[in-house]
Structures are given as structure tokens and as C-alpha cells.
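Trainee: Per my numbering, the sequence shown starts with residue 158, numbered consecutively.
For each residue, glycine too, the CB sits at the ideal point set by N, CA and C.
Fair warning: this is a prediction, and the values are worked out from it, not measured in the lab.
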Amino acid sequence: MDTNSVVICAKLIDTNYRSFELIAALKLSFSHLHLMQIENPPNDCVLVFDMKGVGFMHMTCLKMEVVVTYLKYIQEALPLKIRAIHILNSNYIFSRILDLFKMFMKSELLTLFHTHSSGMKLEKFHEEWVPAACLPKEYGGEVSFEKLMNQTKKGIKEIQPFLDAEEQLRKCI
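1. CA-CA distance, V225 and N173?
2. Would you mind giving the Cβ-Cβ distance between S264 and V203, rounded to the nearest angstrom? I have them listed as a contact below 8 Å.
3. Buried or exposed for K168, going by 16 or more other Cβ atoms inside 10 Å?
4. From what residue to what residue does the alpha helix (DSSP H) around K311 run?
5. Does the Cβ-Cβ distance between L228 and F261 come in under 8 Å?
6. Count the other CB atoms, across all protein chains shown, that sit within 10 Å of the CB of G212; report buried if there are 16 or more and exposed otherwise.
7. Identify, in the order they occur along the chain, each residue of the same chain with its Cβ nearer than 7 Å to the Cβ of I180, setting aside the five sequence neighbours on each side.
In C-alpha cells form, the structure reads like this:
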């Protein structure tokens, strides 16, 4: 991996579909992107999504217009290049979600998707795709997902006044 690349990992902490809030999750991802741009902005990123615990009922939480807007943003306005999108513990549900939104994705984005089943050997993933050192402990790295998540939360709290002001500005436009 490039020395100025960043790996962004995401997974559901609470897998109950009733607890899943799409808009809150997307706001968090935007906040995380803002945070990364402050100090030593990366050239590109690799996204790693763990689908463990995602079930059919999560599909009922997807709001088509929100996801389409998000896809448009990451394809046309994201301030860094996405090098790859890895889906860990890929399942039938993810395939259906991807099928649902393919029509809103450019071919360039679709080619970035790499799905990995739940039986995948992490060593192979590290060799071929993402070094272990770039991932949370749960995926072979050294620092726990929880610790990384807490660091991210702390950073987002520090820039919260900026994020709030930006949101107010967007409401005025």
C-alpha cells in the first residue's frame, strides 16, 4: 500500500436492524472523512466493510434516495480517491443490496468491489489486499477496533463545531 493511503474499516456494533440508522451512519462517515482531511490528508483510501450480522431486515432500513445521494457523492465529490472496497463476510444480503444500487454506480466504482466470504483466510487477505498492520486487531492488526473507534470519536468531537457550522450552512443553501 501507498505510504499516504488510509484504510477505513466499518462494521455494525449492534446488529439489530431496529437499531440501524442509515442517516446517522452516513453522517458519521462524512465526519470521519472531514477528520482525515485535517492533518496529512491521504492520497487515497481503501474501504473495508464487515457484513457480519447484516441480515435481510437491514435492507428495510435503506432509504433509496439517501443511498443514491451518497453514491453520487463518493463518485463525484469525494476529496480522495477510493482504491478498493472490500466486503468481508459477504453474503446473499450484500449481493441483493449491491444489485439494488448497481444502476446508480459508474462502472469505475463497481470494479473496486471485492467480496470475501466468511470462510476467507485473513493471511491471504493480508498478502493480496491489505497488510495486517493497516487493520484493527480483529482482522489481524495490532490495535482493537474499539480503541480505533474511540480515537475517531474523540477526533470528531474536536471538530464538531466545524461540522455543525457546515451543516447549518448547507441548510441555508
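Mentor: Once the coordinates are examined:
1. 24 Å
2. Contact flag wrong, Cβ pair sits at about 19 Å.
3. buried
4. 302-315
5. Less than 8 Å divides the Cβ of L228 from the Cβ of F261.
6. exposed
7. V223
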